[in-house]
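Residue numbers (our numbering): 1 to 553. Note that CB positions come from ideal geometry on N, CA and C, so glycine has one too. Have a look at the structure below, then the notes.
What follows is the structure in structure tokens.
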């Protein structure tokens, strides 16, 4: 064994091991699936009539007779949410106001309140004498009287979904948030009606919930693995909804290679995910483990390379702003990861890693008509918490890195002649000034990043970006979609020293579809890709074809 170990090449601390390559492929897949999930998550925007007047205008019609008004004010101090109103009304101080001008001020203030989501708050004109030069307006706050389900036997709680409580001001943004938190549970759908409450100024919020079976089982198969550990990969999962009656989600999965000789190569993994909403907040916890095994041919003999990794991920996210066409959230994320590698069952202690990272990020969605833009900007740092190891003395790579990432996703529907099409574009970038261990590299050159490459060889380094573009054409009833893809990417940093090049470009054509019958959902993706630009030393299949099948009940 000692002779075997000494025959292996000496690798720098940041060189890619077989386990690093598996980890980078797995992370590329997770990032791809996370981006797709974000684009498809519930997005509630309750339509409202477009404004018929400029609520920020201070212009008033000239009238006779009119009353000289030195101050426009409210009859009583407003709630904190309306603290802006006195300053807003000050634009009309010192004006000569007639009947039409006063009505216009009331309409503008009402329009501003409705635009801010306070659809049941009213502005009135109490009886008064204007000879003193003061115009008083009355704001009657619209409040929530009660929140209830139309069916008293509904098997969930509105409290975990609704950010407001009885007695709070009724705001359309709160209702949209509640609907999203209810709809995020795959086995239920919801609508909300606002009805008169028991007291003047109050409205009741009535939730109508439609629920189906609170569990799902799923199976997937694809050929996205590596030849060394098994091209054909499969997974099985089970998902349980509302186990605590709090609109919570629980899922467990197992995955691994299919149809391989498990004695010489293979992969296996396990995952557990839990998510719990609470009004504007959402907490999620993910844990997983994975193993790989492969046979590597050395100079004089073959040997078995194996490894295992475990990871944990705790994320807390809060919506900090919500408007008619946009939503912004902030999140804090704590990640732990442990890795072990072995050759013929003997641990390679120098390749053990125990790291912890904390990430702060912002997520923004904006609608421009039918165009949807999603942005995620994050900063991640390696920290010594929960057993995070210190840097190895003399090593150039660091566990105390600082990394910035950017994700942009754009969906643009358009038409050519009578054909409905869609441009689906995604950009991901990573920036750092540090030298990283290979497991933290940015990688390109597979079906999840730059297509046209089979993933057996790719490019990876500390910094990089890739840009994916699809033109999608729905076929027939829209359940099947033909797409053409064009991608490009580049990596930079010290890790490029031993690479054959730094940039890749590729194209792809594919057909994806989703069909449901008798509660059985089948989805598929069939594609072929071609490398358009690659370094001379990088080889790949031509074409690079693949598939993914998913079955859920």
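Check the C-beta distance from residue 540 over to residue 453 and give it rounded, since I have them as a contact under 8 Å. 5 Å
Decide if the segment 384-401 is in contact with the segment 364-375; the criterion is three or more beta carbon pairs, one per stretch, under 8 Å apart. no
At what residue ranges does the segment 416-466 contain a whole run of the beta strand (DSSP E), taking only runs of 3 or more? 419-432, 442-444 and 459-461
In this structure, how does DSSP classify residue 213 when only helix, strand and coil are distinguished? coil
In terms of residue numbering, what span does the beta strand (DSSP E) encompassing residue 377 cover? 371-383
Segment limits, alpha helix (DSSP H) that includes residue 281: Unbroken run through residue 281 is the beta strand (DSSP E), 281-297; no alpha helix (DSSP H).
Taking 8 Å as the threshold (C-beta atoms), are residue 336 and residue 311 in contact? yes
Please tell me whether residue 247 and residue 161 are closer than 8 Å, where the distance is taken between their beta carbons. yes
C-beta contact flag for residue 294 and residue 258 at 8 Å: no
How about residue 56: is its Cβ closer than 7 Å to a heavy atom in the ligand MN? In the structure on display, the ligand MN does not appear, and there are no ligands present to speak of.
Taking the DSSP output, what are the residues bridged to residue 256? 234 and 268
Can you tell me whether DSSP reads residue 64 as helix, strand or coil? coil
By a C-beta neighbour count over all protein chains shown, 10 Å radius and 16 as the cutoff for buried, is residue 75 buried or exposed? exposed
What would DSSP say about residue 401, mapped onto helix, strand or coil? coil
Closer than 6 Å by C-beta to residue 502: which residues in its own chain qualify, once you throw out the five before and the five after it? Chain order, please. 490, 491 and 496
Could you give the C-beta distance for residue 426 and residue 35, rounded to a whole number, given that I count them as a contact under 8 Å? 6 Å
Roughly how many angstroms separate the alpha carbons of residue 150 and residue 191, rounded to a whole number? 10 Å
Give the straight-line distance between the Cα atoms of residue 518 and residue 552, rounded to the nearest whole angstrom. 11 Å
For residue 401, the nearest candidate out of 236, 229 and 357 (CA to CA): 357
How big is the Cα-Cα spacing for residue 284 and residue 330? 14 Å
Span separating the alpha-carbon of residue 414 from that of residue 79: 45 Å
Could you pull out every residue in the same chain whose Cβ sits closer than 6 Å to the Cβ of residue 67, ignoring the five residues on either side in sequence? 97 and 130
Cross-strand partners of residue 34 (DSSP beta bridge): Bridge partners of residue 34: none, in fact.
Quick one: measure Cβ to Cβ for residue 203 and residue 145, integer angstroms, because I've assumed they're closer than 8 Å. 6 Å
Backbone CA spacing between residue 542 and residue 468 [nearest angstrom]: 19 Å
Using 8 Å as the threshold, is the C-beta distance between residue 463 and residue 435 below it? no
Just to confirm the assignment: which complete alpha helix (DSSP H) runs, minimum length 4, are found wholly within the segment 90-135? 99-115
Consult DSSP for residue 175 and reduce its assignment to one of helix, strand or coil. helix
Answer yes if the segment 105-115 comes into contact with the segment 35-54, meaning at least three C-beta pairs across the two stretches below 8 Å, and no otherwise. yes
For the beta strand (DSSP E) holding residue 530, just list the boundary residues, first then last. 520-533
Taking 8 Å as the cut-off, decide whether the C-beta atoms of residue 81 and residue 169 are in contact. yes
Check for me: the beta strand (DSSP E) holding residue 497 runs from which residue to which? No beta strand (DSSP E) contains residue 497, which DSSP labels as neither H nor E.
Leaving out five residues on either side along the sequence, give the residues of the same chain with a beta carbon under 6 Å from the beta carbon of residue 44. 176, 179 and 180
Using CA coordinates, which residue listed in 421, 403, 477 and 393 is at the minimum distance from residue 411? 421
7 Å CB neighbourhood of residue 449 in its chain, flanking five on each side removed: 28, 443, 466 and 489
For residue 215, the nearest candidate out of 297, 441 and 243 (CA to CA): 243
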